[in-house]
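Quick note on numbering: the sequence shown equals residues 0 to 301 in numbering that gives the first Met the number 0.
So the structure is just underneath, and the comments pick up after that.
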Amino acid sequence: MRRAVLAALLVALATAGPAGAARLKATATFSPPVQLFGNTVTARVSVVTDTTRVDPARLHVIAKFSPYKPVGPPKEVHSGSGRYVQTTWTWKLTCLTSECVPLAGSSSQASAPSQAFAFPPAQIRGSGPNGKTTYRVHAFFPRLEMLSQLSPREAAYIAAHKHIQWQYPLAPAAGDAYRLPPGLVFWLAVALAGLCGAAALVVGGRWALRLRQPVASALPGAPTPYLERALALFFWANAHGDETLQRKALERVADELPFDVHELSETAHALAWSPETPDEEDVQAISQRAGLAVRPEERNGG
């Protein structure tokens, strides 16, 4: 179909006289020319240009399809090469308003409702290669006929009875079937969310208490149980003459001392790894400054 249109336009351009040679040749079509209400229509405007006189890249088209509305911008396609080039614009049109509803036929009661539309011609404007000369041409659309989706028999029945026999009921269903009432499901969901929130608070509270216990034990004047055990281990090792265990226990004492007595920690570290064996009196002084008194039985390993 496109090749035939292009060939016809080329023949028309070739047979024209030199003085009145046509620079532009345009056609406009609808596909399909007869359609049912609600369907999409394809509109095309094709222009064949003589590239020696008109620049195809400078072509512009203006087309109006009211009451139809374009679905989107037109699609522009260039085809051909050499002296003659064809440019085609394609629109997708639709109309679902009352202006496009087919009217009842007046010539015969048995004819289906229809309506014909006439559109203004499309205006094509082009410029020469130098951009100074302007050429114009009009493309005339054929009439577009719109037919009803109703058959002649259905249209006659509606006209006679003023009633439509719907194929499917339009009323809502008799009732929605639920295993449980929606209101009960809602409140059950609210209760479940509350239980989950309470459980989260309990778990979070226990976790927070566990985190706070080491912090509280590190406050001044509150030595940790690990510090007491490390001191007791030192005195036990001292009573049994185990120098290696004494140094390890004293190193642990240095690690467990509170942060606010940093100088005691450094003293304990130095004492743990001094060349001489750590003295019991020095360790006792460290424990007293840390606020911890070791019982005599713990010194002797009792």
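Ideal placement from N, C-alpha and C gives every residue a C-beta, glycine not left out.
Kindly indicate which residue of Gly130, Ala238, Phe36 has the alpha-carbon position closest to the one of Pro55.
Gly130
To which residues does DSSP link Glu144 through a beta bridge?
DSSP output for Glu144 lists Val33, Ala115 as bridge partner(s).
Between Thr28, Leu23, Ala42, which has its C-alpha nearest Ile123's C-alpha?
Leu23
Can you tell me the Cα-Cα spacing of Leu146 and Thr93, whole angstroms?
14 Å
Going by other Cβ atoms of all chains shown within 10 Å of its Cβ, with 16 needed for buried, is Ser286 buried or exposed?
buried
With a cut-off of 8 Å, do at least 3 Cβ pairs link the segment 77–97 to the segment 35–48?
yes
Would Arg246 and Trp206 qualify as a contact pair, given that the criterion is a beta-carbon distance under 8 Å?
Result no, Cβ atoms of Arg246 and Trp206 do not sit closer than 8 Å.
Would you mind working out which of Glu279, Arg178, His239 sits nearest Leu317, comparing C-alpha positions?
One cannot answer for residue 317 here, as it falls past the ends of the chain, which runs 0 to 301.
Since Arg135 is in the alpha helix (DSSP H), which residue starts that stretch and which ends it?
Arg135 -> not in any alpha helix (DSSP H); beta strand (DSSP E) instead, spanning 133–138.
If you reduce the DSSP assignment to three classes, tell me which class Leu12 lands in.
Unreliable positioning characterises Leu12 in this predicted model, as indicated by a pLDDT of 45, which lies under 50. The coordinate reading is nonetheless provided below. Helix.
So, with DSSP's three-state summary, where would you put Gln283?
In the displayed model, Gln283 falls within a helix according to three-state DSSP.
In terms of DSSP beta bridges, what is Asp49 paired with?
Tyr83
Look at the Cβ atom of Lys91, then the Cβ atom of Thr41, and state whether they are nearer than 8 Å.
yes
Measure the C-alpha to C-alpha separation of Pro274 and Glu242 and round it to an integer number of angstroms.
Their Cα atoms are separated by approximately 11 Å.
Ile163 lies in the alpha helix (DSSP H); which residues open and close that run?
Note, Ile163: premise wrong, no alpha helix (DSSP H); not H, not E.
Taking the C-alpha atoms as reference points, what is the distance between Arg82 and Thr50?
5 Å
Is Arg57 helix, strand or coil by DSSP?
helix
What number of angstroms, rounded off, separates the C-alpha of His59 from the C-alpha of Pro141?
21 Å
Just to confirm, is the Cβ distance from Gln85 to Val44 under 8 Å?
Going by C-beta atoms, Gln85 is not nearer than 8 Å to Val44.
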